[in-house]
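Data block below; observations after.
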C-alpha cells in the first residue's frame, strides 16, 4: 500500500483544490469497515474488551487516528456509517466505545457515525452462498464511498465504490494508512459520481502497479 499512499500524498494539493473549488452541499456517504480498519481485534495493548453473545471476548485496540479521521471526514460527508460482517452486538459495543472517546476529544460536536450495518445486513450471494456487503443499502452508488482493508472479499460487483486502506493489526508501522486516504476522500466527497471517478483512478493505479489484491481475511466471526 505504500506506493498507493505515496501517490495520494504527491497529488494531495491537486485533490484538495479540486474539492475546495466546488461549492455544493454535502451529499456523500462514507462507509467504513470495522475490523482491521478502525480497530485491531486482539490488538495489544488493548483499549477495551468486546463481549459477544457467542461467549467470546475480544480485546480491542482502537486505531490511534480513528477519532481524528472521523472528525475530519464529518466536515465533508453528509453521513458516516459502519458496515461490518461481524455481529450487530459486537459492532454496537465498539461504536459506543468510539463514541465515548469522541465526545471527550471533540465536545460538543455530534458523534459522526449515524448508522451501523452488520452481518444480518450482508445478503447471501446466490452463487457461492457467502455473505457479501451491498452498498445499495446506503442509496445511490454515485454518492457512496466504502473503506475496507479487504475489498475484494466483501464487495465483488461494487468495487468501483471501494478504497482499500492499509490493514491495521495494532502495529505502529500500519498506523499511517487511515489518514493517508484523507486527501482522496476529500476529493471524492465533492465529485458528481464516486464510481466513475474511482474507476478512472484505479486504471492509473493498476497501470503503475500501486494497488493489488490482498489475501482475504473473510469468515472471521463474532
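In the UniProt record's numbering, the protein residues as written are 1 to 222. The C-beta atom is built at its ideal place from N, Cα and C for all residues, glycine as well.
Length of the line joining the Cα atoms of residue i and residue j
i, j, result
"residue 13", "residue 183", "8 Å"
"residue 95", "residue 210", "32 Å"
"residue 75", "residue 17", "16 Å"
"residue 10", "residue 60", "33 Å"
"residue 188", "residue 115", "20 Å"
"residue 20", "residue 198", "18 Å"
Chain-order list of residues whose beta-carbon lies under 6 Å from that of residue i (same chain, five-residue window excluded)
i, result
"residue 217", "Any reading at residue 217 needs caution, since the residue's pLDDT is 47, under 50, leaving its predicted position unreliable; the model's value is listed next. If we look at residue 217 and ignore the five residues flanking it on each side, its Cβ neighbours are 150."
"residue 168", "36, 40, 63 and 174"
"residue 158", "135"
"residue 226", "With the chain covering only 1 through 222, there is no way to say anything about residue 226."
For residue i, the residue or residues it bridges with in DSSP
i, result
"residue 191", "Looking at the DSSP assignment, residue 191 forms no beta bridge with any residue, so it has no partner."
"residue 40", "61"
"residue 48", "60"
"residue 83", "117"
Residue j beta carbon less than 7 Å from that of residue i
i, j, result
"residue 57", "residue 49", "yes"
"residue 122", "residue 85", "yes"
"residue 138", "residue 145", "no"
"residue 5", "residue 180", "yes"
8 Å contact criterion, which residue i and residue j should meet: CB distance rounded
i, j, result
"residue 177", "residue 165", "5 Å"
"residue 142", "residue 162", "Incorrect: roughly 14 Å between the Cβ atoms, too far for contact."
"residue 38", "residue 81", "Not confirmed; about 12 Å, so no contact."
"residue 185", "residue 30", "7 Å"
"residue 66", "residue 98", "6 Å"
beta-carbon residue i near the ligand GDP non-hydrogen atom, thresh 6 Å
i, result
"residue 209", "Ligands in the displayed structure: none, and consequently the ligand GDP is not present."
Close Cβ partners of residue i (< 7 Å) along its chain, the five nearest in sequence each way excluded
i, result
"residue 27", "78 and 143"
"residue 91", "34, 82, 84, 116 and 118"
Other residues of its chain near residue i: CB distance less than 8 Å, five sequence neighbours each side excluded
i, result
"residue 24", "190"
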